[in-house]
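Numbering (my numbering), first residue to last: 231 to 488. The beta-carbon is built from N, C-alpha and C at its ideal position, and this holds for glycine as well. Since we're looking at a predicted model, the values are computed, not measured. What follows is a set of notes on a single structure, which appears directly below.
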Ligand SMILES: Nc1ncnc2c1ncn2[C@@H]1O[C@H](COP(=O)(O)OP(=O)(O)O)[C@@H](O)[C@H]1O
Ligand SMILES: CC(C)(COP(=O)(O)O)[C@@H](O)C(=O)NCCC(=O)O
Ligand SMILES: [K+]
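If you want it as structure tokens, here you go:
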């Protein structure tokens, strides 16, 4: 079985592919201090709980936090007796090379999203990922990642307001009833929610103008469904897009697909 690990700046997601389907998906807070032994005990406990008995013998990692990769590699070597494929490292090939400035580093999550989006929807697409940051990944007709946009994440924006303004409380994001808030919490929720709707609309519109062609928009990340309610921002919301991309890149690197 293949263990796919997607480490973002906030959460690290583990999912097990049995050759036909993802059996389970589990999240833990990203923390570079966590050891391989800690990961393993946690994973083993969850596998037992879900009655997953088969052995993990293959692993792939994408990490936006370079420091966690060391212990995740130890986890794979020590407990699963395999060398992980690590996206973004020379050992991991991509089906189509990114076309970006020379010497620049693209977040591995964005490369994975681009590959997954192209596999499911073909080229000329925009993948929007609502994570710690909100990223827009532009995929050309031939499947190449050609750049995009990095905006502050939804929770990061809310947290920044709370941290920097003495009278603003911590607020959780939700869709407000109206744009005009009649109390502080409603005003903040309105600013971030409607600000985000405008941000997504505006950036997508501008990317389409720059590319001068229609482009499908695929959304992923925990908060994508929130921005999908009653709006026409996305052609599709796909919660499992990054995991699909990891599985795809694993097969590609092991020569299991053309
Ligand atoms: N369903 C959800 N509802 C509310 N907040 C969420 C949900 N899913 C994720 N989040 C929050 O969104 C932020 C980004 O989460 P995540 O997609 O895991 O980011 P990353 O990939 O950068 O680690 C985090 O602050 C997380 O707590
Ligand atoms: C933009 C990101 C911080 C997004 O990370 P996430 O929100 O998933 O934690 C990550 O993809 C990253 O560190 N990128 C490197 C720079 C780039 O992609 O251009
Ligand atoms: K992510």
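Can you tell which of 354, 292 and 275 has its C-alpha closest to the C-alpha of residue 234?
Measuring from the Cα of residue 234, the nearest candidate turns out to be 292.
Straight-line CA distance for residue 442 to residue 479?
Answer to the nearest angstrom: the Cα atoms are 29 Å apart.
Using the rule of at least 16 other Cβ atoms within 10 Å of the residue's Cβ for burial, across every protein chain shown, is residue 410 buried or exposed?
Exposed, since its Cβ has fewer than 16 Cβ neighbours within 10 Å.
Out of 245, 262 and 467, state which residue places its alpha-carbon closest to the alpha-carbon of residue 289.
That would be 245, whose Cα lies nearest to the Cα of residue 289.
With a threshold of 6 Å, establish whether the CB of residue 442 neighbours any heavy atom of ligand 2.
Checking the Cβ of residue 442 against ligand 2 gives no.
In the DSSP assignment, the alpha helix (DSSP H) including residue 275 goes from what residue to what residue?
Run containing residue 275: 266 to 279, per the alpha helix (DSSP H) assignment.
I believe residue 362 touches residue 472 by the beta-carbon criterion, under 8 Å. Please report the beta-carbon distance rounded to the nearest angstrom.
With a Cβ gap of about 13 Å, residue 362 and residue 472 do not count as contacting.
Please look up how many angstroms separate the CB atoms of residue 260 and residue 295, rounded, as I've assumed it's under 8 Å.
About 6 Å; that satisfies the 8 Å criterion.
Whose C-beta lies closer than 8 Å to the C-beta of residue 297 among residues of the same chain, with five residues either side of it excluded?
Cβ within range, chain order: 262.
Just curious, the alpha helix (DSSP H) that residue 300 is in, first and last residue?
It spans 299 to 310 - the alpha helix (DSSP H) in which residue 300 sits, taken as one unbroken run.
Apart from the five residues just before and just after residue 382, which ones in its own chain have a Cβ nearer than 8 Å to its Cβ?
Excluding residues within five positions, the ones whose Cβ falls inside 8 Å are 363, 364 and 390.
Round the Cβ separation of residue 302 and residue 314 to the nearest angstrom and send it over; I've been treating them as touching at under 8 Å.
Contact holds; Cβ gap of about 7 Å.
Tell me the rounded alpha-carbon separation between residue 451 and residue 464.
Residue 451 and residue 464: Cα-Cα distance of roughly 13 Å.
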